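Input: a single structure, listed below in structure tokens.
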Amino acid sequence: MWRKWFQRATPSTGSIRHARPRLERLEDRLAPALVSIDPGLFVGDYALTGTGFIQGPSNANLAAGTYTMHFRNDSFQFDVDADGNVTSRNQGAALGVGNSLVFNSVSIQVDSGAYTGGYRPGFAGAREGPATLAVVANLGNYQVGVGGSSGFTFDVDSNGQITSDNGAAAHGDGSILVFHTSTIRVDPGAYSGTWRPGEITFGQDGVQILTLVPGLSNYPMGVGGSSGFTYNVDANGIITSNNAAAASGSGTSLLFHTSILHVDPGAFVGTWRPGEITFGQDGIQDLVLVPGLSNDPMRVGRSTGFTYDVAPDGSVTSNNPAAAFGAGNSLFFHTSVLHVDPGAFTGTWRPGEISFGQDGIQDLILVPGLNNYPMGVGRAPGFTFDIANDGTVSSDNPDAATGVGNGLFFRTTVIRAPTLASGDQVK
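Under this note's numbering, residues 7 to 433 are what the sequence shown spells out, in order.
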């Protein structure tokens, strides 16, 4: 009986003996495997869920399971088995080859036609003119920004054939993405400053004809360094302004609206520069600008200056009340006295564009609340200084000068020429 009991118990003992090898095999199946990701010709961004976007070949330790590969425009899934073998769930976009996930990268061409401005494929850097690009096949919603506008998207099938998602802006011709173009006329009216049509061309002035891509919205128009405005161009090239105070569309023409800005610098006799509206000015001036825009820049004596806004009715608001204030369509500068004491330095110093070269102790009128006023000393690069809202001065180079109250005091040092021994000559 005891022998029979022992024989019955032996298999149980044997099952305990073999439990660890089976557990180790289970642990092996759950352990992460090294999976290689080969993007091929594709140089754009990709990322696994929970990781940041990267470029180029990479490796990942992945346990058995299903994963999502993300792109800026689309995504697909793939599986990893217990041995690290990869199977793609989108065979048109990528293949699993052993422990590698290999993207199906294909080359496409961009034919920008008569459009000579900049465009930005979301998966590559900025381009101008015709280009050859590598994409991952069988994915959709590839983004192309055009001239700073909202742009459009396109899809690429498993054979690299292109379909545009915006038939007004572009069409696919096999593996070629062909831009459509139309011309618009920009008429700035009485505004004689510079305007910048996004990435379509460089700064312009006066009436101009531009070629762009129709069917797109939010083309940017920078005006005189301000925040500018945006406009839309429909499939027929008809323009709509998104800022009715600044401009209006009339068929294929974009017409600027204008208003008068009266600038009174008060006691400040230096130069002020109203962005890209005109060159440096001094004294009281009336300028023509575009209303309904914000952050028009005003440089003062080569300092950082300040910005101001012009409402749809032409009324002005300063964004730096210490430097200037608006009243109606007028911009009035505030001023304060700067006391400059060069100490023992007897050479010439030049306070930016506030005045000409000076020497000795001087009191100057400038605009408070601004930074980085330049001070040239002799013919050296000089230094910069700041003026607080209350007129207090701070030197940005304490080795060269110090500020005390509204005074700027130069530091000086003595440089002695070397003493020559008897009979030596200066070479």
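Idealized CB from N, CA, C, for every residue including glycine.
Bear in mind that the values here come from a model prediction, so they are computed numbers and not experimental data.
### Query
Going by DSSP, what residues sit across from V343 in a beta bridge?
On the sequence shown, position 337 is the one that residue 343 refers to. For V343, which the question treats as bridged, DSSP gives the partners I371.
Handout entry: T122 - containing beta strand (DSSP E), residue span
Key = For the purposes of this step, residue 122 is taken as residue 116 along the sequence shown, with counting starting at 1. It is not in any beta strand (DSSP E) - T122 carries neither H nor E in the DSSP assignment.
Report the three-state DSSP secondary structure of L47 (helix, strand or coil).
Locating residue 47 in the sequence shown gives position 41, where the first residue counts as 1. In this structure, L47 counts as coil in the three-state DSSP scheme.
Compare the Cα-Cα distances from P63 to each of T55, D315 and S42 and report the closest residue. Reading the sequence shown from its first residue, position 57 is the one you call residue 63. Of the listed residues, the one whose Cα sits closest to P63 is S42.
### Task
Rounded to whole angstroms, what's the CA-CA distance from A317 to V162? Just pull it up for me.
Taking the first residue of the sequence shown as position 1, residue 317 is located at position 311. Taking the first residue of the sequence shown as position 1, residue 162 is located at position 156. Whole-angstrom Cα-Cα distance: 46 Å.
query = What does a CB cutoff of less than 6 Å around V346 pick up in its chain, not counting 5 residues either side in sequence?
reply = As a working mapping, residue 346 is identified with position 340 in the sequence shown. Here the set comprises Q368 and L414.
CB-CB length for V296 against T264, believed under 8 Å = Against the sequence shown, residue 296 aligns to sequence position 290. Against the sequence shown, residue 264 aligns to sequence position 258. Contact flag correct, Cβ pair sits at about 6 Å.
**Item:** Range covered by the beta strand (DSSP E) that runs through T138
**Value:** Looking up residue 138 in the sequence shown gives position 132. Per DSSP, T138 belongs to the beta strand (DSSP E) from A137 to V142.
Under a Cβ-count criterion, where at least 16 other Cβ atoms within 10 Å of its own Cβ denotes burial, should T418 be classed as buried or exposed? Taking the sequence shown and counting its residues from 1, the one referred to as residue 418 is at position 412. When all chains shown are included, T418 counts as exposed.
6 Å CB neighbourhood of G320 in its chain, flanking five on each side removed: For the purposes of this step, residue 320 is identified with residue 314 of the sequence shown, where counting begins at 1. Here the set comprises S265, P297 and N335.
### Query
According to the neighbour-count rule (16 or more other Cβ atoms, all chains shown, within 10 Å of its Cβ), is A132 buried or exposed?
Taking the sequence shown and counting its residues from 1, one reaches residue 132 at position 126. It counts as exposed.
Q) Say the cut is 7 Å; is the CB of P327 nearer than that to a heavy atom of the ligand SAM? A) In the structure shown, the ligand SAM is absent, as is every other ligand, since no ligand is present at all.
Next item on the list: Can you grab the Cα-Cα spacing for the pair L299 / F351, in whole Å?
Entry: As a first step, residue 299 is located in the sequence shown; it is residue number 293 there, counting from the start. As a first step, residue 351 is located in the sequence shown; it is residue number 345 there, counting from the start. Roughly 46 Å between the two C-alpha positions.
- Message: Helix, strand or coil, according to DSSP, for Q61 in the structure here?
- Response: Numbered from 1 along the sequence shown, position 55 holds the residue referred to as residue 61. It is coil, neither helix nor strand.
- Does DSSP classify V383 as helix, strand or coil? Counting from one through the sequence shown, the residue named residue 383 turns up at place 377. In this structure, V383 counts as strand in the three-state DSSP scheme.
- Item | Residue from S309, N147, S259 and F338 with nearest C-alpha to S188 | Reading the sequence shown from its first residue, position 182 is the one you call residue 188. Considering only alpha carbons, the answer is S259.
Leaving out five residues before and five after V108 in sequence, what residues of the same chain have Cβ atoms less than 8 Å from its Cβ?
Along the sequence shown, read from residue 1 onward, the residue named residue 108 stands at position 102. Answer for V108: D44, G46, A100, L101 and G102, listed in chain order.
Rounded distance between the beta-carbons of L222 and G157, thought under 8 Å | Translated into positions along the sequence shown, residue 157 becomes position 151. Translated into positions along the sequence shown, residue 222 becomes position 216. Sure, about 7 Å apart at Cβ, within 8 Å.
query = In the stretch 165–209, which residue ranges form an unbroken beta strand (DSSP E) of at least 3 residues, counting only runs that do not cross its ends?
reply = 168–170, 176–179, 182–185 and 188–193
- Message: DSSP has H263 in a bridge; who is on the other side?
- Response: In the sequence shown, counting from the first residue as 1, residue 263 sits at position 257. BP columns for H263 are empty, so no partner.
Note to self: I believe L183 touches F77 by the beta-carbon criterion, under 8 Å. Please report the beta-carbon distance rounded to the nearest angstrom.
What the structure shows: Sequence index remark: in the sequence shown, residue 183 carries index 177 (1-based). Sequence index remark: in the sequence shown, residue 77 carries index 71 (1-based). The Cβ separation is near 17 Å, so there is no contact.
- Query: Distance, Cα to Cα, G332 vs Y379?
  - Reply: Against the sequence shown, residue 332 aligns to sequence position 326. Against the sequence shown, residue 379 aligns to sequence position 373. If I take the Cα positions, the gap works out to 23 Å.
message: Contact defined as beta carbons within less than 8 Å: I believe T246 pairs with G255. What is the distance between those atoms, to the nearest angstrom?
response: For the purposes of this step, residue 246 is taken as residue 240 along the sequence shown, with counting starting at 1. For the purposes of this step, residue 255 is taken as residue 249 along the sequence shown, with counting starting at 1. That pair is a contact at about 5 Å.
To the nearest angstrom, report how far apart V213 and S81 are at their CA atoms. Against the sequence shown, residue 213 aligns to sequence position 207. Against the sequence shown, residue 81 aligns to sequence position 75. Computed Cα separation, rounded: 46 Å.
Contacts around T310, its chain only, beta-carbon distance under 7 Å, and the 5 residues preceding and following it disregarded
Position 304 of the sequence shown, counted from the start, is the residue given in the question as residue 310. So the list reads L376, N377 and N378, once near-sequence residues are dropped.
*asked:* Taking the straight line between their C-alpha atoms, what separation do you get for G289 and D315?
replied: The residue given as residue 289 occupies position 283 in the sequence shown. The residue given as residue 315 occupies position 309 in the sequence shown. Cα to Cα, G289 sits roughly 21 Å from D315.
How should D302 be labelled, buried or exposed, when 16 other C-beta atoms within 10 angstroms of its C-beta is the threshold for buried? Counting from one through the sequence shown, the residue named residue 302 turns up at place 296. With 16 or more other Cβ atoms within 10 Å, it is buried.
task: Would you decide whether T138 is buried or exposed? Buried here means 16 or more other CB atoms lie within 10 Å of its CB.
output: Reading the sequence shown from its first residue, position 132 is the one you call residue 138. So T138 counts as exposed.
**Report entry** Residue from A66, W201 and S170 whose Cα sits closest to the Cα of L192
**Finding:** Counted from its first residue, the sequence shown places residue 192 at position 186. What sits at residue 192 in the sequence shown is Val, not Leu. Cα-wise, what sits closest to V192 is W201.
#### Entry: Limits of the beta strand (DSSP E) - the one that S81 falls within
In the sequence shown, residue 81 corresponds to position 75, counting from 1. S81 -> beta strand (DSSP E) spans S81 to V86.
| request: Go to E129, then tell me how far its beta strand (DSSP E) extends in each direction, as first and last residue. | output: One-based indexing of the sequence shown puts residue 129 at position 123. First, the amino acid is wrong: residue 129 is Phe here, not Glu. It is not in any beta strand (DSSP E) - F129 carries neither H nor E in the DSSP assignment.
- Item | G135 versus Y121, A143 and P220, residue with shortest Cα-Cα distance | Indexing the sequence shown from 1 puts residue 135 at position 129. Among Y121, A143 and P220, the Cα nearest to that of G135 is on Y121.
*Cβ atoms of P226 and G204: under 8 Å apart, would you say?*
Position 198 of the sequence shown, counted from the start, is the residue given in the question as residue 204. Position 220 of the sequence shown, counted from the start, is the residue given in the question as residue 226. Cβ distance < 8 Å, so G204 and P226 count as in contact.
inquiry  = Between L344 and N412, how many whole angstroms is the CB-CB distance? I'm expecting something under 8 Å.
reply    = By one-based count along the sequence shown, residue 344 stands at place 338. By one-based count along the sequence shown, residue 412 stands at place 406. With a Cβ gap of about 6 Å, L344 and N412 count as contacting.
- Is the Cβ of G124 closer than 8 Å to any Cβ of chain D? Absence of chain D from the displayed structure is noted, only one protein chain being present.
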